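Participant: What the sequence shown shows, in our numbering, is residues 2 to 403, in sequence order.
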Amino acid sequence: MPTTLPLKGIKVLDLSKVLAGPWSTMTLGDLGAEIWKVEHPVRGDDTRAWTPPSKNGVSTYYMCANRNKQSLAVDMKTEAGQKIIRDLARKADIIVENFLPGSLKRMGLSYDDIKEINPNIVYCTISGYGMTGPEAGRPGYDFVLQAESGFMAITGQLDGPPTRLGVAFIDLVTGQNATQAILAALINRDRFGEGAHLDIALYDSALHLLANVASGYLNTGVDAKRYGNAHPTVVPYQLFDTKNGQIALAVGNDKQFKSMCLNVLKDEKLAADERFISNHNRSLNRLDLAEILATAFLGWETESLLDALNKAAVPVGQVRSVGEAFRAPTVAARNTVISSPHPDIGDIQTVRSPIRFAGDDTPEYTAPPMVGEHTQAILSTVLNMDTAEIETLNASGAIKVK
2 MPTTLPLKGI
12 KVLDLSKVLA
22 GPWSTMTLGD
32 LGAEIWKVEH
42 PVRGDDTRAW
52 TPPSKNGVST
62 YYMCANRNKQ
72 SLAVDMKTEA
82 GQKIIRDLAR
92 KADIIVENFL
102 PGSLKRMGLS
112 YDDIKEINPN
122 IVYCTISGYG
132 MTGPEAGRPG
142 YDFVLQAESG
152 FMAITGQLDG
162 PPTRLGVAFI
172 DLVTGQNATQ
182 AILAALINRD
192 RFGEGAHLDI
202 ALYDSALHLL
212 ANVASGYLNT
222 GVDAKRYGNA
232 HPTVVPYQLF
242 DTKNGQIALA
252 VGNDKQFKSM
262 CLNVLKDEKL
272 AADERFISNH
282 NRSLNRLDLA
292 EILATAFLGW
302 ETESLLDALN
312 KAAVPVGQVR
322 SVGEAFRAPT
332 VAARNTVISS
342 PHPDIGDIQT
352 VRSPIRFAGD
362 DTPEYTAPPM
372 VGEHTQAILS
382 TVLNMDTAEI
392 ETLNASGAIK
402 VK
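(1) Determine which residues share a DSSP beta bridge with Y124 and list them.
(2) Taking the C-alpha atoms as reference points, what is the distance between T243 and A297?
(3) Return the chain-ordered list of same chain residues with a C-beta closer than 7 Å to the C-beta of M261, the five sequence neighbours on each side being excluded.
(4) For M2, is the classification buried or exposed, using 16 other Cβ atoms within 10 angstroms of its Cβ as the cut-off for buried?
(5) What number of angstroms, rounded off, separates the C-alpha of S322 from the C-alpha of A90?
(6) Count the other C-beta atoms from every protein chain shown that fall within 10 angstroms of the C-beta of Q158, then say buried if there are 16 or more, exposed otherwise.
(7) Which one or two residues does DSSP pair with D1 in a beta bridge?
(8) For the beta strand (DSSP E) that K70 lies in, which residues bound it at each end?
(9) Could you check which residue in W301, W24, L380 and Y62 has the C-alpha nearest to that of K84?
(10) Threshold first: 4 residues or longer. Then list the alpha helix (DSSP H) segments lying entirely within the segment 215–279, N to C.
(11) Which residue from K116, P140, Y124 and G30 puts its Cα closest to that of I356?
(12) For D47, which residues of its own chain have a beta-carbon under 6 Å away from its beta-carbon, when the five flanking residues on both sides are left out?
(13) Between which residues of its own chain and T367 is the CB-CB distance below 7 Å, once the five residues before and five after are set aside?
(14) Tell me, please, which residues DSSP counts as bridged to V145.
(15) When the Cα of G176 is compared with those of S206, P140, K78 and A186, which residue comes out closest?
(16) On the three-state DSSP scale, how would you describe M2?
(17) Expressed to the nearest angstrom, what Euclidean distance is found between the alpha-carbon atoms of D160 and K403?
(18) Starting from the N-terminal side, write out each stretch of the alpha helix (DSSP H) that is 4 residues or longer and does not extend beyond the segment 287–365.
(19) Could you tell me if K9 is buried or exposed, where buried requires 16 or more neighbouring beta carbons within 10 angstroms of its beta carbon?
(20) How close, in whole Å, do the beta carbons of P42 and G398 come, if the pair is a contact with beta carbons under 8 Å?
(21) For V431, is the classification buried or exposed, using 16 other Cβ atoms within 10 angstroms of its Cβ as the cut-off for buried?
(22) So, helix, strand or coil for L20, using DSSP?
(23) Based on Cα-Cα distance, which residue from L101, A154, P344 and L394 lies nearest to G131?
(24) Rounded to whole angstroms, how far is the Cβ of P233 from the Cβ of R283, which I believe are closer than 8 Å?
(25) Less than 8 Å separating the beta-carbons of Y124 and I96?
(26) Alpha carbon to alpha carbon, how far is T393 from T61?
(27) Report, in whole angstroms, the separation of the C-beta atoms of K116 and G196, which I expect to be a contact under 8 Å.
(28) Does the structure place the segment 284–296 close enough to the segment 343–363 that three or more beta carbon pairs sit under 8 Å?
(29) DSSP three-state label for V404, please.
(30) State buried or exposed for A202, treating a residue as buried only when at least 16 other CB atoms are found within 10 Å of its CB.
(31) With DSSP run on the structure shown, which of helix, strand or coil describes D191?
(32) Per DSSP, what kind of secondary structure is A74 in: helix, strand or coil?
(33) Give me whichever residues DSSP pairs with W37 in a beta bridge.
(34) With a CB to CB cut of under 6 Å and the five nearest residues on each side skipped, what residues in its chain are close to D143?
(35) Mark H343 as exposed unless 16 or more other C-beta atoms lie within 10 angstroms of its C-beta, in which case mark it buried.
(36) Please classify G13 as buried or exposed, where buried requires at least 16 neighbouring CB atoms within 10 angstroms.
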């Protein structure tokens, strides 16, 4: 367990909005970095308008990705605002941005511009399709990327339409990829004294996340298809109905299948059936096996079946609502939900970072800030501006002081 958070003393100029960038910078903040989140003086981050739901007028979508940050309200289209960003960039270790290509260059805030004043900067550009290629200028939206990357084509019922996942997972994994790249660049900077310009694209992240599906297509030329809640290569691996509910069964190997047959279903004949003796055979005869298991499981109460399968070391779970998931005993035991107080919003509940150090106590997170909540504090303490200068900038509209 570290005596202090590993990124303590690292300063991040966060010019990103919505989800992928803020998700990355929140992770850096969870690890101890100081995050200066730059927002539009009037509307702030786009997700502040994404309601319902909200708590005391603040979007809960915005809350999910913006704890442990200080909000600085700056109009980056003004010369005074651009100067503030450059002055902060001189003192930053990291910049994260997801502007449309060319936007920051027109403001004099591109990587090449910032490198002139801070050669050691780690500058992370997040975009939809990367900084190169024929689609470099397109904006990136998770829903569109889920469609274009093939994920929707492999998600949903076999005879149903392509389906999106319930969260913007491509945005989220892109944010995680950005964090990994930033941490690697920091190590490289400390070893060799070199900054870096990182090119992190949603489309790259999505295609990489296809994993075994991508490998299957690239090496066989066979396009993947939808299997509903079943698995294309592991069988049985799907939902089954019981007398009073549903279970999610994930039989990952032949030993688990045999244990289920003998110890739960008490069916030696099924365990020895050549159609199901191996995962390969089960995959070829999935419909026959699914019919047999569906009939057998309908004779069980959910709790009894879960107990029997768990005792037989067969992976299984119950289909839960989001509320039920957060009421599970593991959540309380591992202090997964963190409460952070805010004077205007009240206590904000967020999910603890999954990056943990063994033996670490429950961390203290600061609540997501209001627009411009820290403008005055950052300008006075980081840039040494006096009160009169800040008031002049506020009156001009270049900044907003809460």
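All C-beta atoms, glycine included, are put in the ideal place defined by N, C-alpha and C. None of the values given here were measured: they were computed from a predicted structure.
Facilitator: On the basis of the coordinates in this document:
(1) In the DSSP assignment, Y124 forms a beta bridge with I96 and H198.
(2) Roughly 9 Å separates the two Cα atoms.
(3) Close CB contacts of M261 within its chain, under the 7 Å cut and outside five residues either way in sequence, are with V252, L310, A313 and V315 (chain order).
(4) Low per-residue confidence applies at M2: pLDDT is 48, beneath 50, and the placement is therefore not dependable, though the value from the model is reported in the following sentence. Around the C-beta of M2, fewer than 16 other C-beta atoms lie within 10 Å, and the residue is accordingly described as exposed.
(5) Distance between the alpha carbons of S322 and A90 is about 44 Å.
(6) Around the beta carbon of Q158, a 10 Å sphere encloses fewer than 16 other beta carbons of the protein chains shown; the residue is thus reported as exposed.
(7) Because the chain in this structure spans residues 2 to 403, residue 1 falls outside the shown range and cannot be described.
(8) The continuous stretches of beta strand (DSSP E) do not include K70, and DSSP gives it neither H nor E.
(9) Minimum Cα distance to K84 is reached at L380.
(10) Runs found: 255–260 and 269–273.
(11) Checking every option, the nearest Cα to that of I356 belongs to G30.
(12) Non-local C-beta neighbours of D47 in its own chain, meaning closer than 6 Å and more than five positions away in sequence, comprise K18 and V19, ordered along the chain.
(13) Beyond the five residues adjoining it in sequence on each side, T367 comes within less than 7 Å, by CB distance, of R68, N69 and S341 in the same chain, given in chain order.
(14) DSSP, once it has assigned bridges, lists no residue as partnering V145.
(15) Restricting attention to S206, P140, K78 and A186, the CA atom closest to the CA of G176 is found in S206.
(16) Reliability fails at M2, whose pLDDT of 48 lies under 50, so the model's placement of it is uncertain and the value that follows must be treated cautiously. M2: coil per DSSP, three-state reduction.
(17) The straight-line gap from Cα to Cα measures roughly 54 Å.
(18) Within the segment 287–365, the complete alpha helix (DSSP H) runs of at least 4 residues are 287–298, 303–312, 323–327 and 330–334.
(19) Classified as exposed, K9 has fewer than 16 neighbouring CB atoms from the shown chains inside 10 Å of its CB.
(20) P42 to G398, Cβ: 7 Å. Contact.
(21) A query on residue 431 cannot be resolved here, the shown segment of the chain reaching from 2 to 403 and no further.
(22) It is coil, neither helix nor strand.
(23) Ranking the options by Cα distance to G131, first place goes to L101.
(24) The C-beta separation of P233 from R283 comes to about 12 Å, leaving the pair out of contact by the 8 Å criterion.
(25) Y124 is a Cβ neighbour of I96, given a cutoff of 8 Å.
(26) The alpha-carbon atoms of T393 and T61 are separated by roughly 33 Å.
(27) 7 Å between Cβ atoms; contact.
(28) With a cut-off of 8 Å, the segment 284–296 and the segment 343–363 do not count as touching, because too few Cβ pairs lie within range.
(29) Residue 404 lies beyond the residue range present for the chain, which begins at 2 and ends at 403; the question has no answer from this structure.
(30) It counts as buried.
(31) In the structure shown, D191 falls within a helical segment according to DSSP collapsed to helix, strand and coil.
(32) Residue state, collapsed to three classes: strand.
(33) Residue pairing by DSSP places W37 opposite L14 and Q71 in a beta bridge.
(34) A169, I171 and D172.
(35) H343 should be labelled buried.
(36) Before going further, note that residue 13 is Val rather than Gly in the sequence given. Classification of V13: buried, given that the 10 Å Cβ count is 16 or more.
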